[in-house]
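In our numbering, the protein residues as written are 319 to 591.
For reference, the structure is listed below as structure tokens.
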Ligand SMILES: [Zn+2]
């Protein structure tokens, strides 16, 4: 089994002391590739420097809506420079977050659209974040004709899912689906996602799967737990985990063009422990 964790925040301070061990454990549990999420200029730089340490790590470069208020006229030139790095496989995460509202909505929308334009300019897909921002988020995607993107950490309802699938987006499923309090709707909704549009991610160190036993120390999530999410998804689909693993890996390769991004293919070079 060779999984791709399409979203892990390996630059987070939770991994500062044992990042190499975390990457090795991921390899040992079948997670062959990890895309390290960038959430600000600084975090994107960090994500790239982490990706450079191992041929099967990649990075995204972008500004999360929480940080939209920090953006200025230097932001897009800086992101453009970072995103030219061959190991940067997507622009993001970017989008709208009307849940925490750390940045004013007009700032969020402005810098989201700027990053959409950058993704078109560079021909790289978008790694999208949306929280409590439907339907405005979908309106912006539609108005800009975004189709080459993943709705990362999808937790929404059916109408929201349909609006993304209509645009042709990929859907990222996290350990939210393992949450018996707030994620059970996803066990049914995941069946509506076409086989060639499903992606898996941990969003580590966040969103530790609540059904994982034993629970990790300090409840820190890590890429090695991705197979737990895979098995939950496969059970919900009533399909063999191996098939779902192979499909989601193929999907990640297709969307992020991983075999063109300065690394060998999955078959040739699994993540070195
Ligand atoms: Zn996010």
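The beta-carbon is built from N, C-alpha and C at its ideal position, and this holds for glycine as well.
None of these values were measured; they are calculated from a predicted model.
Contact under 8 Å by Cβ, residue i with residue j
i: residue 394; j: residue 437; result: no
i: residue 350; j: residue 374; result: yes
i: residue 559; j: residue 344; result: no
i: residue 574; j: residue 443; result: yes
i: residue 517; j: residue 554; result: no
i: residue 340; j: residue 359; result: no
i: residue 550; j: residue 489; result: no
i: residue 429; j: residue 389; result: yes
i: residue 535; j: residue 332; result: no
i: residue 473; j: residue 325; result: no
i: residue 479; j: residue 507; result: yes
i: residue 540; j: residue 522; result: yes
Residue i CB to nearest heavy atom of ligand 1 below 7 Å
i: residue 519; result: no
i: residue 496; result: no
i: residue 471; result: yes
i: residue 447; result: yes
i: residue 411; result: yes
Alpha carbon of residue i to alpha carbon of residue j, nearest angstrom
i: residue 420; j: residue 385; result: 7 Å
i: residue 466; j: residue 475; result: 21 Å
i: residue 576; j: residue 356; result: 17 Å
i: residue 362; j: residue 377; result: 7 Å
i: residue 509; j: residue 423; result: 33 Å
i: residue 364; j: residue 484; result: 34 Å
i: residue 268; j: residue 392; result: This structure cannot settle anything about residue 268, because the visible part of the chain is limited to 319 through 591.
i: residue 400; j: residue 413; result: 19 Å
i: residue 370; j: residue 398; result: 18 Å
i: residue 411; j: residue 491; result: 15 Å
i: residue 459; j: residue 407; result: 19 Å
i: residue 346; j: residue 327; result: 19 Å
i: residue 353; j: residue 396; result: 20 Å
Residue i, buried or exposed, once every other Cβ within 10 Å from all chains shown has been counted against 16
i: residue 367; result: exposed
i: residue 323; result: buried
i: residue 439; result: exposed
i: residue 469; result: buried
i: residue 527; result: buried
i: residue 417; result: exposed
i: residue 561; result: exposed
i: residue 453; result: exposed
i: residue 591; result: Any reading at residue 591 is ruled out, since the residue's pLDDT is 40, under 50, leaving its predicted position unreliable.
i: residue 383; result: buried
i: residue 545; result: buried
i: residue 532; result: exposed
i: residue 512; result: exposed
i: residue 477; result: exposed
i: residue 461; result: exposed
i: residue 493; result: buried
Any chain D beta carbon closer than 8 Å to residue i
i: residue 462; result: Here there is only one protein chain, and chain D is not present.
Inter-residue CB distance, residue i and residue j (contact presumed, cutoff 8 Å)
i: residue 447; j: residue 415; result: 6 Å
i: residue 425; j: residue 387; result: 5 Å
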